[in-house]
Amino acid sequence: MCSPWEYGLALAETAVRNGAELQLETAVTGLTPTEEGWRVETNRGVLEARYVVNAAGLDAQAIHEMAAPPSFAIHPSRGQYFLLDKSEGGRVGRVIFQCPNEKGKGVLVSPTVHGNLIVGPDAEPVEGDDTSTTSAGLAFVRETALRSVPSVDFRTSIRNFAGVRASTGAKDFIIELSAPHFLDLAGICSPGLSAAPAIGEYAVELLGQAGLALERKADFQASRKRIRFREMSPEEKAKLVAEHPAYGRVICRCETVTEGEILDALAGPIPPRSVDGVKRRAGAGLGRCQGGFCGPRVVELLAREQHRSPGDIPQERAGSWLLVRETKGGAR
């Protein structure tokens with residue numbers, strides 16, 4: 083098992099530390115072939131690229147058709163989940179799958195690396211990036227999971243959420259050079275997370291065959307260090323707090339996440355810009371109260387460290403605002 087978002091962040095942060103430049107909230111609006119490769123038009127200007135790798139998920143079809151004739155279609159499929167409290171985390175010791183069917187691998191019951199129990203998903207066609215949850219979908223997940231593990235206590239649910247698969251209906255991933263210097267990585271559904279390291283290596287191999295000069299980076303930084311206060315011994319905690327008092331101020335009580343850990347995330351290679359961004363990097367808000375206690379304190383830290391107004395800090399994406407207006411006294 084692994085933590086999907088922490089795995090993705092680890093890869094992205096490692097890339098940035100080794101010289102990659104990340105442009106967030108940048109939408110590709112057009113591709114034009116050039117002598118050297120591609121002219122990439124975006125909502126934030128124009129980029130010149132020798133090679134383009136299309137790993138755009140739900141938007142992979144649209145990006146592909148900017149560079150090559152249509153050859154596949156993305157059919158979004160939503161999957162809904164229950165996340166249960168850590169009191170249910172020991173209910174099973176392994177991932178419990180049911181028999182696969184034409185829709186996928188079915189509903190699973192699984193422990194997580196953080197000690198919770200996760201149950202899901204279903205599979206439902208949707209339009210676009212619709213990550214809403216429905217009573218019917220969650221009821222299906224609950225009833226189906228109980229066939230595998232009848233003892234699961236859904237009263238301990240602390241969160242419901244959904245993701246959208248970028249399915250093509252094909253029996254395999256689409257990994258191919260669809261145009262000169264243009265590589266498609268599309269339709270990467272389950273087990274895409276498990277396959278990701280191999281997909282990356284294969285993509286590099288294909289780019290090399292297409293003419294990209296491949297040379298190992300001599301001073302590659304392959305590791306990153308993280309302080310997890312709750313995992314330290316009493317002696318280690320005392321020493322750390324004496325040297326850096328911010329680690330002695332607990333912001334998230336459910337997960338014992340300190341101010342020092344959040345400040346580390348804010349100073350990292352890819353600083354979070356939202357409350358959920360802090361959650362995925364430092365763990366504040368992952369616990370039983372789901373940010374009910376620490377959420378306002380995380381907003382305060384984001385505003386203070388990034389010199390932003392608290393009203394400009396979203397829960398996750400732009401538009402998911404937590405604060406909408408000032409009160410009569412001027413406080414938010």
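Just add 82 to wherever you are in the sequence shown, counting from 1, and you've got this note's numbering. Cβ coordinates follow ideal geometry from the N, Cα and C atoms, glycine included. Just so you know, these numbers come straight off a predicted model, no measurement behind them.
Item, Value
"First and last residue of the beta strand (DSSP E) that includes Asp266?", "Phe264 to Ala268"
"Give a yes or no on whether the C-beta atoms belonging to Gln303 and Leu259 are separated by under 9 Å.", "no"
"Looking at Thr338 and Phe375, is the spacing between their C-beta atoms short of 9 Å?", "no"
"Just to confirm the assignment: which complete beta strand (DSSP E) runs, minimum length 3, are found wholly within the region 173 to 254?", "190 to 193, 199 to 202 and 239 to 249"
"Under DSSP, the alpha helix (DSSP H) around Val436 begins and ends at which residues?", "This structure gives no information on residue 436, because the portion of the chain shown stretches from 83 to 414."
"Could you tell me which whole alpha helix (DSSP H) segments of length 4 or greater appear in the region 329 to 380?", "341 to 348 and 357 to 364"
"Ends of the beta strand (DSSP E) at Ala131?", "Gly127 to Ala131"
"Do Phe264 and Leu113 come within 9 Å of each other at the CB atom, strictly closer than that value?", "yes"
"Tell me where the beta strand (DSSP E) around Glu123 begins and ends.", "Trp120 to Thr124"
"Do Met83 and Val177 have their C-beta atoms within less than 9 Å of each other?", "yes"
"Taking the Cβ atom as the reference point for each residue, do Ile352 and Leu104 lie within a distance shorter than 9 Å?", "yes"
"Does the beta-carbon distance from Leu220 to Gln162 come in below 9 Å?", "yes"
"DSSP has Phe164 in a bridge; who is on the other side?", "Val201 and Asn242"
"Which same chain residues end up closer than 8 Å to Ser416 when comparing Cβ atoms and leaving out the 5 residues on each side of it in sequence?", "Lying before the first or after the last residue shown, residue 416 is absent from the chain, which here runs from 83 to 414."
"Does the Cβ-Cβ distance between Gly322 and Gly350 come in under 9 Å?", "In the sequence as presented, Gly is not what sits at residue 322; that position holds Leu. Going by C-beta atoms, Leu322 is not nearer than 9 Å to Gly350."
"Does the region 265 to 279 come within contact of the region 213 to 228, defined as at least 3 CB pairs closer than 8 Å?", "no"
"Just to check my reading of the structure: Ala400 and Ser391 have Cβ atoms closer than 8 Å, yes? What is that Cβ distance to the nearest angstrom?", "Going by Cβ atoms, the distance from Ala400 to Ser391 rounds to 14 Å, so no, they are not a contact pair."
"Rounded to the nearest angstrom, how far is the Cβ of Glu294 from that of Tyr133, given a contact under 8 Å?", "Here residue 294 is Leu; the residue named in the question, Glu, does not match the sequence. So it is a contact: roughly 6 Å between Cβ atoms."
"Nearest to Gln397 by alpha carbon, out of His389, Pro378 and Ile145?", "Pro378"
"Spatial neighbours of Ala285 within its chain, please: C-beta separation below 8 Å, excluding the five flanking residues on both sides.", "Val135, Ile257, Leu265 and Leu267"
"Go ahead and pull the three-state DSSP assignment for Glu325.", "helix"
"Would you kindly work out how many angstroms separate the C-alpha atoms of Glu107 and Asn125, rounded to a whole number?", "9 Å"
"Does the beta-carbon of Gln388 have 16 or more other beta-carbons within 10 angstroms, so that it is buried, or is it exposed?", "exposed"
"Among residues of its own chain, excluding the 5 on either side of Gly171, which ones have a beta-carbon nearer than 6 Å to its beta-carbon?", "Pro193, Gly197, Asn198 and Leu199"
"Check whether chain B comes within 9 Å of Ala285, counting only Cβ atoms and requiring the distance to be less than that.", "In the displayed structure, chain B is absent; only one protein chain is listed."
"What do you reckon, are the CB atoms on Val357 and Ile395 nearer than 9 Å?", "yes"
"Hey, how far is the Cα of Arg363 from the Cα of Pro86?", "12 Å"
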